[in-house]
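Residue numbers (our numbering): 394 to 857.
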Ligand SMILES: *Cc1c(COP(=O)(O)O)cnc(C)c1O
């Protein structure tokens with residue numbers, strides 16, 4: 394890696410996409426029409442779109458060139474073999490089955506590994522991951538360290554598994570009812586917090602003692618590797634690529650949403666070292682996604698993905714990627730805005746309970762704040778709190794997560810430092826008028842993953 398004075402990007406801009414600027418009146422109309430849910434806004438009505446880092450990556454000239462050598466054969470596309478080789482070389486898994494995106498891989502792996510009544514420990518839930526575990530008959534159990542639930546804790550590895558919690562669960566329900574431990578690298582729902590290699594090695598040992606396998610949600614593994622390089626003793630001189638290889642080598646199976654780390658707009662895969670799981674996955678993918686050599690992706694998409702994986706593992710790229718996120722987080726801290734610390738990899742998470750302390754969780758502070766940030770400046774963020782957490786299957790009540798957050802997520806290689814400045818300035822303006830914000834109530838609540846399509850109205854007409 395070449396030393397630079399700041400996190401400046403190792404690329405320059407070759408093509409631009411125009412954005413539409415709106416007035417406050419237009420934005421008020423737009424958010425009302427969207428039921429105060431930023432997921433239901435038209436992207437045309439958004440100026441700076443920080444809803445998600447999923448599928449919003451800017452591809453490189455090499456990736457765009459890759460699209461032109463797409464081999465759209467139904468079976469055995471050459472781009473499949475390029476992707477297959479890349480996954481083996483960079484991520485160390487023996488076998489790969491492409492899927493249309495991450496949840497396609499989660500669905501198939503859950504169906505293969507989970508039987509009814511099983512328990513699946515994990516370092517905090519993720520929405521689609523947990524849902525697929527439940528649909529397969531399993532119950533998710535959160536075994537992340539307590540620090541992950543504390544927005545003030547500066548613990549460097551808030552994505553770690555609490556090994557005591559894991560051992561207690563094994564003791565309580567029996568190893569035979571735990572098909573696997575699921576670890577996510579940089580834990581999305583904890584604010585983009587990393588897991589340490591020390592922790593992965595320790596839980597690998599426990600898993601081996603009990604004959605339990607380890608599934609790796611590797612959606613943001615490169616970002617996790619960067620934090621290991623920066624924070625974990627013994628890794629400062631290792632490259633991100635080497636650290637990623639080591640993480641993957643310690644796990645048995647993996648699911649990847651290629652819309653994140655690997656710098657493409659769509660795609661995913663399932664990877665495994667187990668022949669039997671591989672054969673079953675190849676069989677199931679035909680039913681739900683497509684033939685096992687494309688799994689829902691076009692040949693050209695697999696080519697862009699293979700190239701994107703290699704680009705995503707350059708230290709310079711990851712330094713700029715995480716550097717931009719740190720820049721935004723530090724700006725917000727300068728304005729006194731309560732955010733999750735340490736600042737994560739893919740986004741900055743505002744603590745909505747602290748931002749709006751006068752609102753109870755039942756009037757959805759984070760959902761409300763996301764709507765207000767949009768009204769302020771056309772910046773789109775999203776809720777990660779009580780709405781995302783859904784309802785308890787048994788009691789019907791809301792799950793009440795400790796964390797009530799607004800996620801400001803940064804697409805990779807898309808926005809400039811000035812866009813980041815505007816974002817921080819407009820959130821500071823909302824903060825200045827926070828006491829006038831009142832909260833929302835449901836007007837429509839979908840059954841599954843309700844945060845995507847739920848609709849709301851303001852408790853007091855005319856304001857969120
Ligand atoms: C996005 C994501 C998924 C699901 O992937 P999709 O491509 O959106 O289906 C799974 N796990 C994590 C941690 C994610 O961020």
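Beta carbons are placed, not taken as given, at the ideal position from N, Cα and C, and that holds for glycine.
Check	Outcome
Less than 8 Å between the CB atoms is what I'm expecting for residue 514 and residue 536, so what's the real figure, rounded?	4 Å
Helix, strand or coil: which one does DSSP assign to residue 776?	strand
Between 700, 824, 657, which has its C-alpha nearest residue 750's C-alpha?	824
Inspect the CB distances between the segment 835-847 and the segment 779-792 and report whether three or more fall short of 8 Å.	yes
Distance check for residue 512 and residue 534, CA to CA, integer angstroms please.	7 Å
Quick check on this structure: which residue in 645, 626, 616 has the alpha carbon closest to the alpha carbon of residue 633?	616
Looking only at DSSP bridge pairs, what is residue 665 linked to?	488, 646
Which residues bound the beta strand (DSSP E) around residue 837?	833-837
Hey, is the segment 519-534 in contact with the segment 676-683, meaning 3+ C-beta pairs nearer than 8 Å?	no
Hey, quick one: how far does the beta strand (DSSP E) through residue 816 stretch, first residue to last?	Here residue 816 belongs to no beta strand (DSSP E); instead the alpha helix (DSSP H) covers 810-825.
Rounded to whole angstroms, what is the Cα-Cα separation between residue 576 and residue 748?	30 Å
Candidates 815, 686, 658, 796: which alpha carbon is nearest residue 720's?	815
When the Cβ atoms of the segment 449-467 are set against those of the segment 697-714, are three or more pairs found closer than 8 Å?	yes
What do you get for residue 628, buried or exposed, if any count of 16 or more other CB atoms within 10 angstroms of its CB means buried?	buried
Can you list the beta strand (DSSP E) stretches of 3 or more residues lying completely in the segment 707-748, in chain order?	740-744
Using 8 Å as the cut-off, classify the Cβ of residue 450 as near or not near the heavy atoms of ligand 1, replying yes or no.	no
Taking 8 Å as the limit between beta carbons, can you name the residues of its chain near residue 771, skipping five residues before and five after?	414, 415, 420, 438, 439, 440, 441
Is residue 545 near residue 734, with beta carbons less than 9 Å apart?	yes
Under the three-state reduction of DSSP, which class applies to residue 532: helix, strand or coil?	strand
Return yes when the C-beta of residue 652 is under 8 Å from any heavy atom of ligand 1, and no when it is not.	yes
Over the uninterrupted beta strand (DSSP E) stretch that includes residue 467, give me the two end residues.	No beta strand (DSSP E) contains residue 467, which DSSP labels as neither H nor E.
Cα separation between residue 793 and residue 696?	42 Å
Return yes when the Cβ of residue 541 is within less than 9 Å of the Cβ of residue 574, no when it is not.	no
Compute the distance between the beta-carbons of residue 517 and residue 583, then report whether it is under 9 Å.	yes
Say yes only if the C-beta of residue 447 is nearer than 8 Å to one or more non-hydrogen atoms of ligand 1, and no if none qualify.	yes
For residue 403 and residue 713, which I take to be in contact (beta-carbon distance under 8 Å), what is that distance rounded to the nearest angstrom?	6 Å
Could you check if residue 886 is buried or exposed, using at least 16 other CB atoms within 10 Å of its CB as the buried criterion?	Since the first residue of the chain shown is 394 and the last is 857, residue 886 is not available in this structure.
Keeping to the same chain, check which residues put their C-beta closer than 8 Å to that of residue 945; ignore five residues upstream and five downstream.	The question about residue 945 has no answer, for the chain in this structure spans 394 to 857.
For the segment 524-589, which segments carrying the beta strand (DSSP E) assignment without a break, of at least 3 residues, lie completely within its bounds, in sequence order?	532-535, 573-577
What is the rounded straight-line gap between the Cα of residue 478 and the Cα of residue 663?	14 Å
So which of 833, 648, 658, 604 has the shortest CA-CA distance to residue 499?	648
Going by C-alpha distance, which of 487, 475, 464, 432 is nearest residue 638?	487
Return helix, strand or coil for residue 610, following the three-state DSSP convention.	strand
Let me check one thing: in DSSP terms, what residues is residue 849 bridge-paired to?	835
Mark residue 806 as exposed unless 16 or more other C-beta atoms lie within 10 angstroms of its C-beta, in which case mark it buried.	buried
Tell me whether residue 723 is buried or exposed, calling it buried when 16 or more other Cβ atoms sit within 10 Å of its Cβ.	exposed
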